[in-house]
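Asker:
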Amino acid sequence: MLDGFAALGHATLAALQKLGRAFLFLLATLGGLPALLPRPRLLLKEFFSVGVLSLLIIVVSGLFVGMVLGLQGYVTLSKFGAEESLGVVVALSLVRELGPVVTALLFAGRAGSALTAEIGLMKSTEQLSGMEMMAVDPVKRVIGPRYAAGFLSMPLLAAMFSAVGVLGGYFVGVGIVGVDEGSFWSQMQSGVDWREDVLNGVIKSIVFGFVVSWIAVFEGYDCVPTSEGVSQATTRTVVHSALAVLGLDFVLTGLMFS
Amino acid sequence: MDAHIRIEGVTFYRGDRMIFDDISMEIPRGQITAIMGPSGTGKTTLLRLIGGQLVPNAGHVYVDGQDVAALSRSELYTLRKRMGMLFQSGALLTDLSVFENVAFPLREHTRMGEDMLRDMVLMKLESVGLRGAHALMPAELSGGMARRVALARSIALDPDLIMYDEPFTGLDPITMATIVTLIRRLNDAVGITSLLVSHDIHETLSIADVVYLISEGKVVERGTPDTLSNSNSAWVKQFLQGLPDGPVPFHYPAPSLAEDFLGQRDA
Ligand SMILES: Nc1ncnc2c1ncn2[C@@H]1O[C@H](COP(=O)(O)OP(=O)(O)OP(=O)(O)O)[C@@H](O)[C@H]1O
Ligand SMILES: [Mg+2]
Chain A
6 MLDGFAALGH
16 ATLAALQKLG
26 RAFLFLLATL
36 GGLPALLPRP
46 RLLLKEFFSV
56 GVLSLLIIVV
66 SGLFVGMVLG
76 LQGYVTLSKF
86 GAEESLGVVV
96 ALSLVRELGP
106 VVTALLFAGR
116 AGSALTAEIG
126 LMKSTEQLSG
136 MEMMAVDPVK
146 RVIGPRYAAG
156 FLSMPLLAAM
166 FSAVGVLGGY
176 FVGVGIVGVD
186 EGSFWSQMQS
196 GVDWREDVLN
206 GVIKSIVFGF
216 VVSWIAVFEG
226 YDCVPTSEGV
236 SQATTRTVVH
246 SALAVLGLDF
256 VLTGLMFS
Chain B
55 MDAHIRIEGV
65 TFYRGDRMIF
75 DDISMEIPRG
85 QITAIMGPSG
95 TGKTTLLRLI
105 GGQLVPNAGH
115 VYVDGQDVAA
125 LSRSELYTLR
135 KRMGMLFQSG
145 ALLTDLSVFE
155 NVAFPLREHT
165 RMGEDMLRDM
175 VLMKLESVGL
185 RGAHALMPAE
195 LSGGMARRVA
205 LARSIALDPD
215 LIMYDEPFTG
225 LDPITMATIV
235 TLIRRLNDAV
245 GITSLLVSHD
255 IHETLSIADV
265 VYLISEGKVV
275 ERGTPDTLSN
285 SNSAWVKQFL
295 QGLPDGPVPF
305 HYPAPSLAED
315 FLGQRDA
């Protein structure tokens, strides 16, 4: 019984310590970002491997999610004779929710896990401590560009996801099940509000980008420098990112649309 | 003769295990000092203490008269720019080519033009015999080649102190002789202070000016290669001649065999 309490206490302390480390690490990372300004090439390189290489999975997923929305939306709406509203339904679901959330989940699996594994391996092969001995701060040189690339690509990827998703909905809705093209687009145009819907969606994806990238680089930097440690850190990145995204989505939705 | 590095009463623990027990050493400037000792005694740990990556539990490490553990981050980095370190594992950056690895410290710390940088890098690679390999990636190198690239990188900024952690392991005899000559030449030509950790007794004794033998957290013996070769101490004799029996511990600290094998089976 007492042992149980002691174990619980230990686990809580360890979790708090890790949270503390994560915050200090975030501060150091953000503090190091201005050092990137004179060296945009470092950022571009990471932007490519984090953002551009995630593009394919984002586009394909966006297309399918949009097509499914088109089908499901049509089936439900046609019961009420409101098929013309299919455009609004597809666009709102994507821009407000599915775009930011699904992108963040895919991003965590595709780019976040890769970031964690890369940084963890650099740690376990002494590349990070080698850099330190060369008087180069790995937080500025390795973490900074990766972190920045992560949170900058997220809103762009989410926008891409939503745009392709709308096209997917259009193919199915207008192309296959035969909703009127004019009302598909015009209803979408009048039903989606810039500030209320689009901007809030963008804010969500910025927040998710910030958090998922933070988790990914921190887990890599903080991992136990062994193969096992790296693999566990990679798993944690995906799990913690998913939980954080879904939890934050609830909170943000509550704040934005209440 | 002034000391480049002065280690005073350093005690260091890894968890509960004592690695150094009130150890004191002096590394003379402009000479080659070798540190030898059984595997796992803490030679790499000692280099990390000197580089400020680890902090002693007690005592001080002075480099150029500065207490390493008391330096601010930026002072420490300034100090490290004048320190080269060759890691036991090489620690090359795996996402950069051989050329870019050697160029790395130059790009980070100097504003050198591209032409001059290229010349510098190729010159450093030439000195370790790998100019031809400049376009390869670290994954395409053998262990010995990787270490030579790492060596070229650690001398890229022309430091005044270099720490070599096992520079000879995995090298063929010819390369080994080249590296030995290179270390000696760096020392004679530009007066670099070299700190050499190695198990290769023959090579080490042939180039070192001063040798420290350490074991179980203490300095066992200090002297020139000659005095050590003629030493009467049973420990020194056994270590230098590589005899299996004698006072040098080969085993990591452990309970007695009987306890481990016959003891509590149910535990
Ligand atoms: N990160 C670490 N955590 C805990 N203990 C460690 C760590 N690194 C090294 N040790 C312990 O410290 C002791 C000294 O290690 P060190 O790497 O300095 O030995 P070494 O003298 O360089 O050995 P070798 O000649 O095999 O390279 C070892 O017994 C090891 O068990
Ligand atoms: Mg070692």
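Sequence lines, in order, name chains A and B. Under our numbering, the residues of the first sequence are numbered 6 to 263, in order. Under our numbering, the residues of the second sequence are numbered 55 to 321, in order. All C-beta atoms in this analysis are idealised placements derived from N, C-alpha and C, irrespective of residue type, glycine included.
Listed in chain order, which residues are found with a beta carbon closer than 5 angstroms to a heavy atom of ligand 1?
Answerer: Here the residues come out as B:R68, B:S93, B:G94, B:T95, B:G96, B:K97, B:T98, B:T99.
Asker: Flag A:G132 as yes if its beta-carbon sits less than 8 angstroms from any beta-carbon of chain B, otherwise no.
Answerer: Locating residue 132 of chain A in the first sequence gives position 127, counting from the first residue. Note on identity: in this sequence residue 132 of chain A is Gln, with Gly being the wrong assignment. Closer than 8 angstroms to some Cβ of chain B, the Cβ of A:Q132 qualifies, so yes.
Asker: Could you tell me whether any non-hydrogen atom of ligand 2 is closer than 7 angstroms to the CB of B:D219?
Answerer: Counting from 1 along the second sequence, the entry for residue 219 of chain B is found at position 165. It does: the Cβ of B:D219 is within 7 angstroms (strictly closer) of some heavy atom of ligand 2.
Asker: Quick one: which chain A residues come within Cβ less than 8 angstroms of B:L215?
Answerer: What you label residue 215 of chain B is simply residue 161 of the second sequence in a count that begins at 1. Simply none; closest approach about 11 angstroms.
Asker: Under 7 angstroms Cβ-Cβ, which residues of chain A neighbour B:F66?
Answerer: To locate residue 66 of chain B, count along the second sequence from 1; it is residue 12. Correct list: empty, because the minimum Cβ distance to chain A is about 17 angstroms.
Asker: Any C-beta of chain B sitting closer than 8 angstroms to the C-beta of A:V141?
Answerer: Working through the first sequence from its first residue, we reach residue 141 of chain A at position 136. For A:V141, the answer is yes, since a Cβ of chain B falls inside 8 angstroms of its Cβ.
Asker: With 9 angstroms as the C-beta to C-beta threshold (strictly closer), list the residues of the segment 158-171 of chain B near chain A in chain order.
Answerer: Here the close residues are F158, P159, E162, H163.
Asker: Whose C-beta lies closer than 8 angstroms to the C-beta of A:G170 among residues of the same chain, with five residues either side of it excluded?
Answerer: Along the first sequence, read from residue 1 onward, the residue named residue 170 of chain A stands at position 165. So the qualifying residues of the chain are G67, L68, V70, G71, L74, V95, L99, L103, G104.
Asker: So that I know if they touch, is there some Cβ in chain B lying closer than 8 angstroms to that of A:E88?
Answerer: Position 83 of the first sequence, counted from the first residue, corresponds to residue 88 of chain A. By this cut-off, A:E88 is not an interface position.
Asker: I want to verify the contact list: residues of chain A whose CB lies under 7 angstroms from the CB of B:Q120, in sequence order.
Answerer: Along the second sequence, one-based indexing puts residue 120 of chain B at 66. None at all; the shortest Cβ gap to chain A is about 14 angstroms.
Asker: Does any residue of chain A bring its CB to less than 8 angstroms from the CB of B:R134?
Answerer: As a working mapping, residue 134 of chain B is identified with position 80 in the second sequence. So yes, B:R134 belongs to the interface.
Asker: If A:G149 and A:A40 are in contact, beta carbons under 8 angstroms, what's the gap, nearest whole angstrom?
Answerer: Position 144 of the first sequence, counted from the first residue, corresponds to residue 149 of chain A. Position 35 of the first sequence, counted from the first residue, corresponds to residue 40 of chain A. Going by Cβ atoms, the distance from A:G149 to A:A40 rounds to 7 angstroms, so yes, they are a contact pair.
Asker: Any heavy atom of ligand 2 inside 7 angstroms of the beta-carbon of B:Q107?
Answerer: Counting from 1 along the second sequence, the entry for residue 107 of chain B is found at position 53. No, the beta carbon of B:Q107 sits no closer than 7 angstroms to any heavy atom of ligand 2.
Asker: Assuming contact is defined by CB atoms lying nearer than 8 angstroms, are A:F189 and A:G92 in contact in what I supplied?
Answerer: Position 184 of the first sequence, counting from 1, holds the residue named residue 189 of chain A. Position 87 of the first sequence, counting from 1, holds the residue named residue 92 of chain A. Against a cut-off of 8 angstroms, the Cβ pair of A:G92 and A:F189 comes out as a contact.
Asker: Roughly how many angstroms separate the alpha carbons of B:A321 and B:L311, rounded to a whole number?
Answerer: Along the second sequence, read from residue 1 onward, the residue named residue 321 of chain B stands at position 267. Along the second sequence, read from residue 1 onward, the residue named residue 311 of chain B stands at position 257. Since pLDDT at B:A321 reaches only 46, below the 50 mark, its modelled position is unreliable, and no value is offered.
Asker: Is B:Q142 a contact residue of ligand 2, with contact defined as CB to any heavy atom under 7 angstroms?
Answerer: Position 88 of the second sequence, counting from 1, holds the residue named residue 142 of chain B. Because some heavy atom of ligand 2 lies under 7 angstroms away, the Cβ of B:Q142 counts as near it: yes.
Asker: Note down the Cα distance separating A:P160 from A:A109, rounded to an integer number of angstroms.
Answerer: Against the first sequence, residue 160 of chain A aligns to sequence position 155. Against the first sequence, residue 109 of chain A aligns to sequence position 104. So the alpha carbons of these two residues sit roughly 9 angstroms apart.
Asker: Just to confirm before moving on: does the CB-CB distance between A:V229 and A:F166 stay below 8 angstroms?
Answerer: Translated into the one-based positions of the first sequence, residue 229 of chain A becomes position 224. Translated into the one-based positions of the first sequence, residue 166 of chain A becomes position 161. It is not a contact, given that the beta carbons lie outside the stated cut-off.
Asker: Closer than 9 angstroms, Cβ to any Cβ of chain A: which residues of the segment 143-157 of chain B, in chain order?
Answerer: Here the close residues are S143, G144, A145, L146, L147, T148, D149.
Asker: Please report the straight-line C-alpha distance between B:F315 and A:G36, rounded to a whole angstrom.
Answerer: The residue you call residue 315 of chain B lines up with position 261 of the second sequence. The residue you call residue 36 of chain A lines up with position 31 of the first sequence. Looking at the two C-alpha atoms, the distance is approximately 55 angstroms.
Asker: What's the call for A:L15, buried or exposed, on a 16-neighbour Cβ count within 10 Å?
Answerer: Looking up residue 15 of chain A in the first sequence gives position 10. A small fix is needed here, since residue 15 of chain A is His in this sequence, not Leu. With fewer than 16 Cβ atoms within 10 Å of its Cβ, A:H15 is classed as exposed.
Asker: Against A:E51, what residues of chain B qualify as contacts under a CB-to-CB distance less than 8 angstroms, listed in chain order?
Answerer: Along the first sequence, one-based indexing puts residue 51 of chain A at 46. Neighbours of A:E51 on chain B: none; closest Cβ ~11 angstroms, over 8 angstroms.
Asker: Starting from B:Y306, follow the alpha helix (DSSP H) in both directions and report where the run begins and ends.
Answerer: The residue given as residue 306 of chain B occupies position 252 in the second sequence. First-last for B:Y306: undefined, no H or E at that position.
Asker: Residues of the segment 218-242 of chain B in Cβ contact with chain A at a cutoff of 8 angstroms, in chain order, please.
Answerer: So nothing in the stretch comes that close.
Asker: Under DSSP, the beta strand (DSSP E) around B:V264 begins and ends at which residues?
Answerer: Position 210 of the second sequence, counted from the first residue, corresponds to residue 264 of chain B. 264-269 is the extent of the beta strand (DSSP E) around B:V264.
Asker: Kindly indicate the opening and closing residues of the beta strand (DSSP E) around B:H58.
Answerer: The count along the second sequence starts at 1 and reaches residue 58 of chain B at position 4. Run containing B:H58: 57-68, per the beta strand (DSSP E) assignment.
Asker: How about B:L250 and B:I59: do their beta carbons lie closer than 8 angstroms?
Answerer: Indexing the second sequence from 1 puts residue 250 of chain B at position 196. Indexing the second sequence from 1 puts residue 59 of chain B at position 5. No.
Asker: Can you find the residues in the same chain that come closer than 7 angstroms, C-beta to C-beta, to B:I261, ignoring five residues on each side of it along the sequence?
Answerer: By one-based count along the second sequence, residue 261 of chain B stands at place 207. Result list for B:I261: I86, V234, I237, R238, in chain order.
Asker: B:M139 touches chain A at which residues, Cβ-Cβ below 7 angstroms?
Answerer: Counted from its first residue, the second sequence places residue 139 of chain B at position 85. Simply M138.
Asker: If you reduce the DSSP assignment to three classes, tell me which class B:T29 lands in.
Answerer: This structure gives no information on residue 29 of chain B, because the portion of chain B shown stretches from 55 to 321.
Asker: Residues of the segment 89-107 of chain B with a CB closer than 7 angstroms to any CB of chain A: list them in chain order, please.
Answerer: Under the 7 angstroms Cβ criterion, the segment 89-107 of chain B contributes G105, Q107.
Asker: Give the DSSP-derived three-state secondary structure of B:H114 in the structure shown.
Answerer: Taking the second sequence and counting its residues from 1, one reaches residue 114 of chain B at position 60. If DSSP states are grouped into helix, strand and coil, B:H114 belongs with the strands.
Asker: DSSP three-state label for A:E186, please.
Answerer: Counting from 1 along the first sequence, the entry for residue 186 of chain A is found at position 181. Helix at A:E186.
Asker: Who are the near neighbours of A:M88 in its chain, counting only those whose CB is closer than 7 angstroms to its CB and skipping five residues on each side?
Answerer: In the first sequence, counting from the first residue as 1, residue 88 of chain A sits at position 83. For the record, residue 88 of chain A in the displayed sequence is Glu; it is not Met. These residues qualify, in order along the chain: Y79, L82, V184.
Asker: Taking all protein chains shown into account, do 16 or more other C-beta atoms lie within 10 angstroms of the C-beta of A:Q192, making it buried, or fewer, making it exposed?
Answerer: Against the first sequence, residue 192 of chain A aligns to sequence position 187. Classification for A:Q192: buried.
Asker: Is B:P213 closer than 8 angstroms to B:I246 when the C-beta atoms are compared?
Answerer: What you label residue 246 of chain B is simply residue 192 of the second sequence in a count that begins at 1. What you label residue 213 of chain B is simply residue 159 of the second sequence in a count that begins at 1. The answer is yes: Cβ separation under 8 angstroms.
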